[in-house]
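Below: one structure, written as structure tokens.
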Amino acid sequence: MIRTPVRSARGAARSGLLAAAALLVALPAWGCASREAPAAPAPSATEAAQTADRPARANARNGMRPYAEVITAEAESREGLFTVHKVDDKWYWEIPEEMLGRDMILITRITQTASGISFGGHRQTTEMVRFERRNDQVLMRHVSAVNTADPELPIYEAVRNSNFEPVLAAWNIETEGPAEGEAGSVVVDVSGFFTSDATIIGLTRQRRQQYDVRRLVPERTFVESMRSFPENIEVRRVVTYDAQNPPSNRAGETLSMEFGHSLMVLPEDPMMPRYWDERVSYFSTTINDFGADAQRLIQRRFIQRFRLEPADTAAYLRGELVEPVNPIIFYIDPATPEKWRPWLAQGVDDWQVAYEAAGFKNAIMAKMPPTPEEDPDWDPADARINIIRYLASPVQNASGPRFFDPRTGEILGTHIQWHHNVMNLLRNWFFVQTSAANPDARDIEFDDEVMGELIRFVSAHEVGHTIGLPHNMKAHSSVPVDSLRTRWVCENGTSASIMDYARFNYVAQPGDDTCFYPIVGPYDKWSIEWGHRWIPEATTPEEERPILNAWVLERADNPLFRFGDPSQTDPGSLSEALGDDAVRASDYGVENLKRTMASLREWTFRELDDHSQLAELYGQIAGQWNRYSGHVAANIGGVDWTRQVQGQDGRPFTIIDREQQRRAMDYLDRQVFTTPTWMIDEDIIFRIRASGTPDQIRQLQVSGLNNVLQVNRMKRLIEHEALLGSQAYTLGEMLSDLRASVWRELGAGAPIDAYRRNLQRAWVDRMATLMEDDEAMQSDIAPRARGELVTLRTQAQQAAGRGGDEATRLHLNDITARIDAILDE
641 MIRTPVRSAR
651 GAARSGLLAA
661 AALLVALPAW
671 GCASREAPAA
681 PAPSATEAAQ
691 TADRPARANA
701 RNGMRPYAEV
711 ITAEAESREG
721 LFTVHKVDDK
731 WYWEIPEEML
741 GRDMILITRI
751 TQTASGISFG
761 GHRQTTEMVR
771 FERRNDQVLM
781 RHVSAVNTAD
791 PELPIYEAVR
801 NSNFEPVLAA
811 WNIETEGPAE
821 GEAGSVVVDV
831 SGFFTSDATI
841 IGLTRQRRQQ
851 YDVRRLVPER
861 TFVESMRSFP
871 ENIEVRRVVT
881 YDAQNPPSNR
891 AGETLSMEFG
901 HSLMVLPEDP
911 MMPRYWDERV
921 SYFSTTINDF
931 GADAQRLIQR
941 RFIQRFRLEP
951 ADTAAYLRGE
961 LVEPVNPIIF
971 YIDPATPEKW
981 RPWLAQGVDD
991 WQVAYEAAGF
1001 KNAIMAKMPP
1011 TPEEDPDWDP
1021 ADARINIIRY
1031 LASPVQNASG
1041 PRFFDPRTGE
1051 ILGTHIQWHH
1061 NVMNLLRNWF
1071 FVQTSAANPD
1081 ARDIEFDDEV
1091 MGELIRFVSA
1101 HEVGHTIGLP
1111 HNMKAHSSVP
1121 VDSLRTRWVC
1131 ENGTSASIMD
1141 YARFNYVAQP
1151 GDDTCFYPIV
1161 GPYDKWSIEW
1171 GHRWIPEATT
1181 PEEERPILNA
1191 WVLERADNPL
1201 FRFGDPSQTD
1211 PGSLSEALGD
1221 DAVRASDYGV
1231 ENLKRTMASL
1241 REWTFRELDD
1251 HSQLAELYGQ
1261 IAGQWNRYSG
1271 HVAANIGGVD
1281 WTRQVQGQDG
1291 RPFTIIDREQ
1301 QRRAMDYLDR
1311 QVFTTPTWMI
1321 DEDIIFRIRA
1331 SGTPDQIRQL
1341 QVSGLNNVLQ
1351 VNRMKRLIEH
1361 EALLGSQAYT
1371 LGEMLSDLRA
1381 SVWRELGAGA
1391 PIDAYRRNLQ
1401 RAWVDRMATL
1411 MEDDEAMQSD
1421 IAPRARGELV
1431 TLRTQAQQAA
1441 GRGGDEATRL
1451 HLNDITARID
1461 AILDE
């Protein structure tokens, strides 16, 4: 783990005492490395005796018991951040004076739990705290790093007065410990705190309400263990609640779980932070600097990253790859099935190439943990340990949370949550998206190597989150659709970033010489380089900014190096999409879905199995088809957002070209509003359900219809016409094109089948809703909807008068009656 070493609790300087009076985090001075204080001379025998006797005399004067009466000879003690003592059934913390006033974080995890409430290892809260002495008590206060000012400025007092920090706990000082040099220690009994229902260490309010928790049961609540390490204390406790609605074992109206609490000291020498830039993908932390010389509040936003410093600075400056002082090490949970361990580890190691771009080798790696014989103190709940926790869970997911120093953004640790059943999600994705072109995916049980590669992909994605990277949904749109059908994918992945939700290569057609997986891509390497390359000539975050900006500008014209959050307006920044042209990519995708559907029974067949796997994958194909509809619809009323700052050429926002929007409408006409007969396979349908197919198709088509008719989308079309005039694709044109697609039978005099009748009724319902929507009524949308209904009424009446089959005629008469009722209201 990457940390500033904490000096011994017994021999440290008293610099922490100076901070004890501060009620907020002051702006730190940035330094590159800690400097060790010179060793103090050894005391003489006489001095040592006097020192040992000092606390007994002081305790007598203060009315406290002597140290030896509190921490008896029978005490089980362990030194570390604080010395933890267990005396009979009591737990004591012996807090060195130099730790009073130090910033710390208190992490609460659910380490073991009843079925139905989270999973073992789930992090519940992370809070910043500080211990301080007040007379004969020790207080634990909640600290915020958000609001700051230089302590030398007058405004610092105002910030203190407006950010008074709550007292979370108070303990009487039982005794004072032996002093070494000038620093002593205080001893407090924390047994009651850790068997209490204190909010900061207990069940969250949401879960209390969810499970109707009435009270904590003291006689069934106890401390299981406390262990102290050089930088942290780890507490395990069993907590029992009376609960009227527990998630399982409801007969007893009892909820028991084990909490793990990690108290970790923050670095004494804070890492120099690096400013966040909206053009580069990083999670961030924000500080309000009230002391800045400006005519407004200045918010300083820093990226979240591990602290990497070159072990050999001279070699680094010569351009050689060097190892960091503290590499990032992930441990693989020993509970992980053996055959998946190498693949989880490979997902970690895949990031080495990105750190090499920043000048570091062996900067990140995965290891199996030591055995109990090798290290009996190793604990997966230890906050110092980065670990991929393997959870026996039915959840189809994985997550990569991290905790960090809120003062600087330095990432201090992470526990990735890996749910066992994520493999089912991966099976479904890979089967649906690639089986048409990829023989390896044509089964409901993949070879171990295939599933291993899928695990590797998700592992790398989640590791990306833990090292500070958010999703980059813009990355896939930098890749030409044609490139996805070539070997380009094998070298670069399906997207420029593995942090995209690009998934697998659904564009590849049968016979293409290509690959199917996302990998750590060009953008990922650039992002890690931008956030971690050492800039020795800069001694403050401000001095780094022009250099960082220059790096961004060097790549500003290359689409591979663009970043975007998930967006409702930018069609190039979407989840689950591939390629730079959603229409072409989705057309390829639908053709593959048709191929997969045609072979679905064959590829899911297992002698004597039920049809549940067939049903599940049929539903997944339908969901993927609907997803393509959303990718394409985003172009209608869409606005491209290419992140820029002042001084760059051009503008960040560009309205999507009129013809591209028309192409999107054409796709919806062909692939969505035209009945997808390829999905209506009787040989499959009557093996998975007795009825419901028309309703399912209706639901999917209506989803596409309502997506196009979103109020915000239509408001953008109105705005685009106001700004661009005839160059814009207008709301009137979109509604006319949509009506022509949904009601195409009227002009041709063709019969209307049951699926299309369902879609057409949904169109009328949506128009009626738009006439009454508050937002729509304050714009041109409601009048346009009324106009569409009036036009359709005439067309439906004329079509009904021309005859046709009975079902069509009755349908059109009903539509006319419905419109009359809507317009008469």
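All the letters of the sequence shown, read from the start, carry residue numbers 641 to 1465 under the working numbering. C-beta: ideal position from N, C-alpha, C; glycine also. No experiment lies behind these values; they were computed from the predicted model shown.
Return helix, strand or coil for residue i, following the three-state DSSP convention.
i, result
"F869", "coil"
"S902", "strand"
"H1251", "coil"
"S1207", "coil"
"S1215", "coil"
"R1442", "coil"
"M1139", "coil"
"S825", "strand"
"W916", "coil"
"I1107", "coil"
"W1403", "helix"
"G832", "helix"
"N1232", "helix"
"V727", "strand"
"F1326", "helix"
"I1159", "coil"
"A883", "strand"
"A1178", "coil"
"N1198", "coil"
"G1133", "coil"
"V1430", "helix"
"Q764", "strand"
"A713", "coil"
The alpha helix (DSSP H) with residue i in it runs from where to where?
i, result
"L1371", "L1371 to V1382"
"T926", "Per DSSP, T926 belongs to no alpha helix (DSSP H); it is in the beta strand (DSSP E), S924 to D929."
"G1219", "No alpha helix (DSSP H) holds G1219; DSSP gives it neither H nor E."
"K1114", "Neither: K1114 is in no alpha helix (DSSP H) and is coded neither H nor E."
"I1459", "E1446 to D1464"
"P619", "In the structure as shown, the chain starts at 641 and stops at 1465, and residue 619 therefore has no counterpart that could be examined."
"K1007", "Per DSSP, K1007 belongs to no alpha helix (DSSP H); it is in the beta strand (DSSP E), I1004 to K1007."
"L1193", "P1181 to E1194"
"V1351", "V1351 to L1364"
"V988", "R981 to D989"
"S1118", "Premise fails: S1118 is in no alpha helix (DSSP H) and is neither H nor E."
"L1240", "L1240 to T1244"
"D1414", "D1414 to M1417"
"A798", "I795 to S802"
"V1147", "Taken as a continuous stretch (DSSP letters only), V1147 belongs to no alpha helix (DSSP H), as it is neither H nor E."
"R1127", "Where R1127 is concerned, there is no enclosing alpha helix (DSSP H), given that its DSSP letter is neither H nor E."
Can you pull the DSSP bridge partners for residue i?
i, result
"P964", "P950"
"V769", "M744 and H782"
"L937", "Answer is none; L937 lacks a bridge partner."
"Q752", "E898"
"G1387", "Note: G1387 sits in no beta bridge, so no partner."
"R877", "V863 and F899"
"F1000", "V962"
"E816", "V826"
Check for me: the beta strand (DSSP E) holding residue i runs from which residue to which?
i, result
"L1031", "N1026 to L1031"
"N716", "The displayed chain sequence assigns Glu, not Asn, to residue 716. Start and end: E716 to R718."
"R855", "V853 to L856"
Please look up how many angstroms separate the CB atoms of residue i and residue j, rounded, as I've assumed it's under 8 Å.
i, j, result
"Y922", "G1108", "5 Å"
"F1043", "T766", "5 Å"
"R1125", "W1069", "About 19 Å; that fails the 8 Å criterion."
"L1308", "A1273", "7 Å"
"L1466", "W1174", "Because the chain here runs from 641 to 1465, residue 1466 falls outside it and cannot be looked at."
"S868", "E719", "6 Å"
Taking 7 Å as the threshold (beta carbon to beta carbon), is residue i in contact with chain C?
i, result
"F946", "Judged by its chain identifiers, the structure shown contains no chain C, having just a single protein chain."
field: Continuous beta strand (DSSP E) assignments of at least 3 residues falling wholly in the region 1261-1315
entry: 1279-1281 and 1293-1295
- prompt: Which ranges does the beta strand (DSSP E) cover as unbroken runs of at least 3 residues, wholly within the region 1035-1097, from first to last along the chain?
  reply: 1051-1053 and 1055-1059
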